[in-house]
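Q: Take a look at the following structure, please.
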């Protein structure tokens, strides 16, 4: 891992979106609260970047109005204020009208854990996936985010993408990869157990795969960057080889990636399935690294879950 090239998906978004702003005459970015405090956004041309202290519902309605006027609005704000405080407006003003509003939700997972439980929302994936007509992405690095932004910029559908503030390096050279709706990428091939992960947990899944290899368990690691539409065929193809699956996510255990994987496998290919996720409780304050260790969101828990699933796998 090259520590000199590490960048959070939030910072990567701010850098990449500034490039789109220069080339698209209909581009406009609305930003709320502290999400606007990033010097990379200063590169956006004047008139295309609107900073506001308005509530999330008001900003979402404003973005919907801009979309109806023919603009291509992007909205940057915190997960708790957008997915939590603005859920009804995302559903009724944007998704129901099928407006091309692209929502970038910063502080995903445990990114703002030092601010306390009120600022955290570890159920945003569960909330957003219940809304019809919206696409849902959780990028794990700059490469996947770049592909997702390109897809969103050229789509007429609403998008929601979850961003984090933990610096990460690119997972692989994905310059030629076609990031798409319903897509996923296999970062490590294997035949013994499938590990399906998203966002920051993809790195923990890869670390778990290396450890499992030492235990003679071949792990296939899937980066599930698109959660809606869900990449069913990628998951089904993998578990038909491995016979078992572990899902790892920085999200509550209900309704997120584990829920999506459970629904997919339960309907088409029932196999032993285990989850590594945040507990069903309000999270304590602390640094993201401390809390990931405290709540068991590391490669060690993935290894344990994989070993359990592997013992029960379909032969």
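In the numbering used here, the protein residues as written are 35 to 349.
C-beta: ideal position from N, C-alpha, C; glycine also.
Since the structure is predicted, the reported quantities are computational estimates derived from the model, not experimental observations.
Does residue 269 come out as helix, strand or coil in the three-state DSSP assignment?
A: On the chain shown, position 235 is the one that residue 269 refers to. Helix.
Q: Just to confirm my understanding: we take residue 69, look at its own chain, exclude 5 residues before and 5 after, and list those with CB closer than 7 Å. What are they?
A: Here residue 69 corresponds to residue number 35 of the chain shown, with the count starting at 1. Contacts found: 110, 111, 112 and 140.
Q: Leaving out five residues on either side along the sequence, give the residues of the same chain with a beta carbon under 8 Å from the beta carbon of residue 191.
A: As a first step, residue 191 must be located in the chain shown, where it is residue number 157. Answer for residue 191: 132, 134, 167, 168 and 169, listed in chain order.
Q: Less than 9 Å separating the beta-carbons of residue 347 and residue 278?
A: For the purposes of this step, residue 347 is taken as the residue at position 313 of the chain shown. For the purposes of this step, residue 278 is taken as the residue at position 244 of the chain shown. Contact: yes.
Q: Is the region 239-247 touching the region 263-277, taking contact as three or more C-beta pairs under 8 Å?
A: The answer is no - the region 263-277 does not touch the region 239-247, with fewer than three Cβ pairs under 8 Å.
Q: Would you call the region 70-82 and the region 114-124 in contact, with 3 or more CB pairs under 8 Å?
A: The region 70-82 is not in contact with the region 114-124.
Q: Give the range of the beta strand (DSSP E) segment to which residue 107 is assigned.
A: Position 73 of the chain shown, counted from the start, is the residue given in the question as residue 107. Residue 107 -> beta strand (DSSP E) spans 106-112.
Q: Assuming residue 147 contacts residue 322 under a Cβ cut-off of 8 Å, what Cβ separation, rounded to an integer in Å, is found between them?
A: As a working note, residue 147 is residue 113 in the chain shown. As a working note, residue 322 is residue 288 in the chain shown. That belief holds up - the Cβ atoms of residue 147 and residue 322 are roughly 6 Å apart, short of 8 Å.
Q: Are residue 325 and residue 100 close, meaning C-beta to C-beta below 9 Å?
A: Counting from 1 along the chain shown, the entry for residue 325 is found at position 291. Counting from 1 along the chain shown, the entry for residue 100 is found at position 66. Their beta carbons are not under 9 Å apart, which means residue 325 does not touch residue 100 by this criterion.
Q: DSSP three-state call for residue 181: helix, strand or coil?
A: As a working note, residue 181 is residue 147 in the chain shown. Helix, per DSSP.
Q: Just to confirm before moving on: does the CB-CB distance between residue 298 and residue 172 stay below 9 Å?
A: Against the chain shown, residue 298 aligns to sequence position 264. Against the chain shown, residue 172 aligns to sequence position 138. No; because the gap between Cβ atoms is not below 9 Å, this pair is not in contact.
Q: Closest to residue 154 by CA distance: which of 65, 286 and 309 is it?
A: Looking up residue 154 in the chain shown gives position 120. That would be 286, whose Cα lies nearest to the Cα of residue 154.
Q: How would you write the range of the alpha helix (DSSP H) that residue 235 sits in, first residue to last?
A: Position 201 of the chain shown, counted from the start, is the residue given in the question as residue 235. 235-248 is the span of the alpha helix (DSSP H), which, as asked, contains residue 235.
Q: Provide the residue span of the beta strand (DSSP E) that contains residue 170, from first to last.
A: For this step, residue 170 is matched to residue 136 along the chain shown. 169-171 is the span of the beta strand (DSSP E), which, as asked, contains residue 170.
Q: Within 10 angstroms of the Cβ of residue 62, are there 16 or more other Cβ atoms? Answer buried if so, exposed if not.
A: In the chain shown, residue 62 corresponds to position 28, counting from 1. That one is buried.
Q: Kindly provide the ranges of any beta strand (DSSP E) runs that are 3 or more residues long and lie completely inside the region 61-86, ordered along the chain.
A: Runs found: 61-66 and 83-86.
Q: In terms of residue numbering, what span does the alpha helix (DSSP H) encompassing residue 47 cover?
A: Position 13 of the chain shown, counted from the first residue, corresponds to residue 47. Segment 43-57, the alpha helix (DSSP H) holding residue 47.
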